[in-house]
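Q: Shown below is the structure under consideration.
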């Protein structure tokens, strides 16, 4: 992990933060329930406010559920990346031990292995672009809700102001029409409530949507760094790598040639030593022949033999 800039539990920490902020928001809502009741529920002349605010809250909850599911998936992917890195350090022969087969890290490893076995050039940029494009589909719903959530508040404000204008027209037609004035107040109140709902939901949702994007970026970055540090040197054959290995081979051959020259020199010295030894023994043998002739001569004299007797 020293060379890899990867947040190990980013998604899990984001989920814990989401739960904590949800509890805090629920506590604030319970504390200020009287104020919320005054704005949203008390003395509502129509169901308009409930419908618009309900739609905003429903979109918000759907988006938050989708973000939570995505973060859970990214938390599992982060664990798979960490397990793969540990395997590379402790057991490089079993890189996928304990790693989920369906994880992105396992898929990347199998892809590189297949390309390597098929003698296919590996383009990491293409693999990274494919991964980014694939993962961007996970957050499409959350992105859509993030874009339209604030617009629903604007839509609610416009509709509520239209209701208020209808009430104002009734007031202008009949100055003593109390229902028209009530409709004006109701429309203004609904416009305020939908704006508040949209802004609060958008701020809360937007924060975790950004955290989701950061978790996605953190995961993809971790996979690409692992690919660069551990997988590419193992599977990719590049010109620089071949030249480096060829240079090492040449150096090894040079060392072998030097050793062979030293061996030949040693053999030559040994050959010279053997030749000198043979020359020495040849001189010894020649001297021995002379001594044998002398011994034979004295034996003949001792036994009074003639030179022609055998």
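In this note's numbering, the protein residues as written are 5 to 314. From the three backbone atoms N, C-alpha and C, an ideal C-beta is built for every residue, glycine too.
In terms of alpha-carbon separation, which member of 144, 13, 37 and 256 lies closest to residue 71?
A: For residue 71, the nearest C-alpha among the options comes from 144.
Q: Do you know offhand how far residue 175's Cα is from residue 211's?
A: Reliability of the predicted coordinates at residue 175 is poor, the pLDDT of 49 falling under 50, and the value obtained from them is presented with this limitation in mind. Each residue's Cα considered, the two are about 43 Å apart.
Q: Taking the Cβ atom as the reference point for each residue, do residue 124 and residue 157 lie within a distance shorter than 7 Å?
A: In this structure, residue 157 does not lie closer than 7 Å to residue 124 by Cβ.
Q: Under 7 Å, do residue 24 and residue 75 count as touching if we go by C-beta distance?
A: Contact flag unset, no.
Q: Cutting at 7 Å between CB atoms, please list the residues of its own chain near residue 22, excluding the five before and the five after it.
A: Taken in chain order, the residues that qualify are 72 and 212.
Q: So for residue 102, helix, strand or coil by DSSP?
A: The answer is coil: DSSP assigns residue 102 none of H, G, I, E or B.
Q: Measure the C-alpha to C-alpha separation of residue 299 and residue 282 and round it to an integer number of angstroms.
A: Each residue's Cα considered, the two are about 25 Å apart.
Q: Could you name the residues of the same chain whose beta carbon sits closer than 7 Å to that of residue 15, not counting the 5 residues immediately before and after it, in chain order?
A: Around residue 15: 75, 78, 79, 82 and 219.
Q: Measuring straight from C-alpha to C-alpha, what distance separates residue 138 and residue 108?
A: Taking the straight line joining both Cα atoms gives about 11 Å.
Q: For residue 215, collect the residues of the same chain with a Cβ closer than 6 Å to its Cβ; drop the 5 residues on either side in sequence, then sort them by chain order.
A: Result list for residue 215: 18, in chain order.
Q: Here's the rule I'm using: 16 or more other beta-carbon atoms within 10 Å means buried, otherwise exposed. How should residue 114 be labelled?
A: Per the 10 Å Cβ criterion, exposed.
Q: For the 8 Å Cβ check, are there 3 or more pairs between the region 218 to 237 and the region 84 to 104?
A: Touching, per the Cβ criterion.
Q: By the DSSP assignment, the alpha helix (DSSP H) with residue 237 in it spans what residues?
A: Where residue 237 is concerned, the enclosing alpha helix (DSSP H) stretches over 236 to 239.
Q: Look at the alpha carbon of residue 273 and the alpha carbon of residue 260, and state the distance between them as a whole number of angstroms.
A: Each residue's alpha carbon lies about 20 Å from the other.
Q: Please name the residue, chosen from 253, 265, 238 and 275, that lies closest to residue 120 on a Cα-to-Cα basis.
A: Answer by Cα proximity: 238.
Q: Name the two residues that bound the continuous alpha helix (DSSP H) containing residue 29.
A: Residue 29 -> alpha helix (DSSP H) spans 14 to 35.
Q: Which class does residue 227 belong to by DSSP, given the choice of helix, strand or coil?
A: Helix, per DSSP.
Q: Going by CA-CA distance only, name the one from 37, 9, 267 and 57 that's closest to residue 155.
A: Minimum Cα distance to residue 155 is reached at 57.
Q: Would residue 68 be called buried (16 or more neighbouring beta carbons within 10 Å of its own) or exposed?
A: Per the 10 Å Cβ criterion, buried.
Q: Can you give, in chain order, each stretch of the alpha helix (DSSP H) that sits fully within the region 81 to 164 and has at least 4 residues?
A: Those alpha helix (DSSP H) runs which fall completely within the region 81 to 164 and span 4+ residues are 108 to 121 and 128 to 140.
Q: From residue 278 to residue 287, what distance separates their C-alpha atoms?
A: Rounded to whole angstroms, residue 278 to residue 287 spans 14 Å at the Cα level.
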